[in-house]
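At position 111 of the sequence shown (counting the first as 1) the number is 604 in the numbering used here, and the numbers step up by one without a gap.
In this text, a Cβ means the ideal position worked out from N, Cα and C, and glycines have one as well.
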Amino acid sequence: MDVVRVNVSKPYDVLIGRGILDSVGERLREVSEPCRCAVITDDIVSELYKERVVQSLEASGFSAVSFVFQNGEQSKTLATFGKALEFLAEQKLSRTDLVVALGGGVVGDLAGFVSSVYLRGVRFIQIPTTLLAAVDSSVGGKTAVDLAAGKNLAGAFYQPELVLCDPDTLSTLPAEFIADGMAEVIKYGMIYDKELFSFVAGGANSDMYERIIRRCVEIKAHFVENDERDNGIRQLLNFGHTAGHAIEKCSNMTITHGNAVAIGMAIVAKACAAMGIAEQSLPSELISCLRNNNLPVECEFTAQELAAAALSDKKRRGGSISVVVVRAVGDSFLKPIRCEETADFFKQGMGEESV
Ligand code: NAD
Ligand code: GLY
């Protein structure tokens, strides 16, 4: 089993180990006295893994109730958030009890936000079951729901007590969601770790997941430890996300987060090369890596549409937005772009003429 310590204001461990799902109770006993647990999960993950988690919790003296909602981004709303809060209140979960977020990034983000608000904050643990959640969303304490105006617009920074990641759960994850997670893995390679990028450039397979998860969690811990509240260096983790969130929004959330980030990264890499920030070979290196990992690179929206969506995003700061740009694989920095230049920036990465 691998252990990665996340040294933030409230430090915690990320435990990564095959089969760890059956020892959730034992692991939790190392950080908590027996108490009541509310397992928050979605319908698909509930069918696959909830019983194993509940059995393990009960075997270690915890009791468990569960709140199950319909899978998918369309559930990451204030409505589901409200229902989950009402459920915890009906169950009389107390301040000394615990929430268990079992699932992908949608479950983790929503359950984390619920935990941050219920009784002004109850403890929670993350059990990621998608590659995206394992390498990214379960670590670092960003929790949120979407609003009509955009993704993740209501949320909180709220760190878990523990993250338990069982790579065996990825054996049931459909290939399209593996690809979504690979977009975030490739992101880490692009912004910080050339070796990781090279490791996955030809396409990743299941034998590689444990090593990939450990390395990504180490990188995420590094950024979060140095900038827990996302005011500086942590923003590098948003490579491809400004365009990506805009693509998700323009598609009415029918394009998944990972797919949108992949397209967003390709746009930014091309813009960086066109503007002389990056080596000319950067876009083709990235695009080939994305394709080898079954990710899309073409954008069906115009630069103008993306800019309009991006500028309603929360990452806007006054008259500018910060875009993560890359000089070469593993070497990135933040570049402020004036709001009125956003469409032009995207155009450079989409082969459209500047206006
Ligand atoms: P998801 O949670 O919707 O999971 C994808 C699908 O896989 C769902 O249908 C789910 O039911 C199913 N699933 C989950 N685990 C499974 C398993 N082991 N076997 C079979 N099916 C399984 O999506 P996601 O890609 O995990 O997460 C995307 C979300 O994460 C977005 O809302 C995004 O904004 C958020 N996110 C958050 C952060 C953060 O730092 N908090 C970072 C990146 C992304
Ligand atoms: N996923 C980006 C972050 O956690 O900051």
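Checklist entry - Taking Cβ to Cβ, would you say Gly-682 is nearer than 7 Å to Phe-670? => result Contact: no.
Next on the checklist: For a test of your reading of the model: does the CB of Leu-655 fall under 6 Å from any non-hydrogen atom of the ligand GLY? Yes or no.
Outcome noted: no
Next on the checklist: Please determine whether the Cβ atom of Lys-644 lies at a distance below 6 Å from any heavy atom of the ligand GLY.
Outcome noted: Distance from the C-beta of Lys-644 to the nearest heavy atom of the ligand GLY is not below 6 Å.
Next on the checklist: Can you list, in chain order, the residues of its chain with a C-beta nearer than 7 Å to that of Cys-528? Leave out the 5 residues immediately preceding and following it.
Outcome noted: Phe-555, Thr-589, Asp-590 and Leu-591
Checklist entry - What's the gap between the Cα of Cys-658 and the Cα of Cys-743? => result 32 Å
Checklist entry - For Ala-637, which residues of its own chain have a beta-carbon under 7 Å away from its beta-carbon, when the five flanking residues on both sides are left out? => result Closer than 7 Å at Cβ, skipping near neighbours: Asp-602, Phe-606, Asn-645, Ala-647 and Gly-648.
Next on the checklist: On the CB-based measure, 16 or more other CB atoms within 10 Å of its CB, does Phe-826 come out buried or exposed?
Outcome noted: exposed
Checklist entry - So is the beta-carbon of Leu-666 under 6 Å away from any non-hydrogen atom of the ligand GLY? => result no
Next on the checklist: Using DSSP's beta-bridge definition, name the partner residues of Ala-668.
Outcome noted: Partner(s): none; Ala-668 has no beta bridge.
Checklist entry - By Cβ distance, which residues of its chain are closer than 7 Å to Phe-838, with the 5 residues on each side in sequence left out? => result Ala-764, Val-816 and Ile-830
Checklist entry - Within 10 angstroms of its Cβ, does Pro-667 collect 16 or more other Cβ (buried), or is it exposed? => result exposed
Next on the checklist: Rounded to the nearest angstrom, what separates Val-561 and Asp-686 at their Cα positions?
Outcome noted: 37 Å
Next on the checklist: Excluding the 5 residues flanking Thr-623 on each side, which residues of the same chain have their C-beta closer than 7 Å to its C-beta?
Outcome noted: Gly-597, Gly-598, Leu-666, Phe-670 and Gly-674
Checklist entry - Which whole runs of the alpha helix (DSSP H) in the stretch 688-725 are 4 residues long or more, in chain order? => result Whole alpha helix (DSSP H) segments, 4+ residues: 702-719.
Next on the checklist: Are there any heavy atoms of the ligand GLY lying less than 6 Å away from the beta-carbon of Asp-629, as far as the coordinates show?
Outcome noted: yes
Checklist entry - Going straight from the alpha carbon of Leu-452 to that of Ser-608, what length do you get? => result Lying before the first or after the last residue shown, residue 452 is absent from the chain, which here runs from 494 to 848.
Checklist entry - Roughly how many angstroms lie between the CA atoms of Arg-545 and Asp-515, to the nearest whole one? => result Each residue's alpha carbon lies about 6 Å from the other.
Checklist entry - Taking just the CA atoms, how far does Ser-664 sit from Phe-716? => result 29 Å
Item to check | Sequence ranges, beta strand (DSSP E) only - wholly within the stretch 556-603, length at least 3 | outcome: 556-562 and 591-596
Item to check | chain C contact for Asp-824 (CB, 7 Å cutoff) | outcome: Absent from the structure is chain C; it holds one protein chain and no more.
Checklist entry - On the premise that Val-693 lies in contact with Ala-762, defined as a C-beta separation below 8 Å, what is that separation, rounded to the nearest angstrom? => result Contact doesn't hold; Cβ gap of about 16 Å is too wide.
Checklist entry - Measuring CA to CA, which of Ala-676, Leu-586, Lys-503 and Gln-652 is closest to Ala-753? => result Ala-676
Next on the checklist: Quick check: does the Cβ of Gly-682 come within less than 6 Å of any heavy atom belonging to the ligand GLY?
Outcome noted: It does not: the Cβ of Gly-682 is nowhere closer than 6 Å to a heavy atom of the ligand GLY.
Next on the checklist: When you compare the CB positions of Ala-780 and Gly-842, do they come within less than 7 Å of one another, or not?
Outcome noted: The residue asked about is misnamed: residue 780 is Ile in this sequence, not Ala. The answer is no: Cβ separation not under 7 Å.
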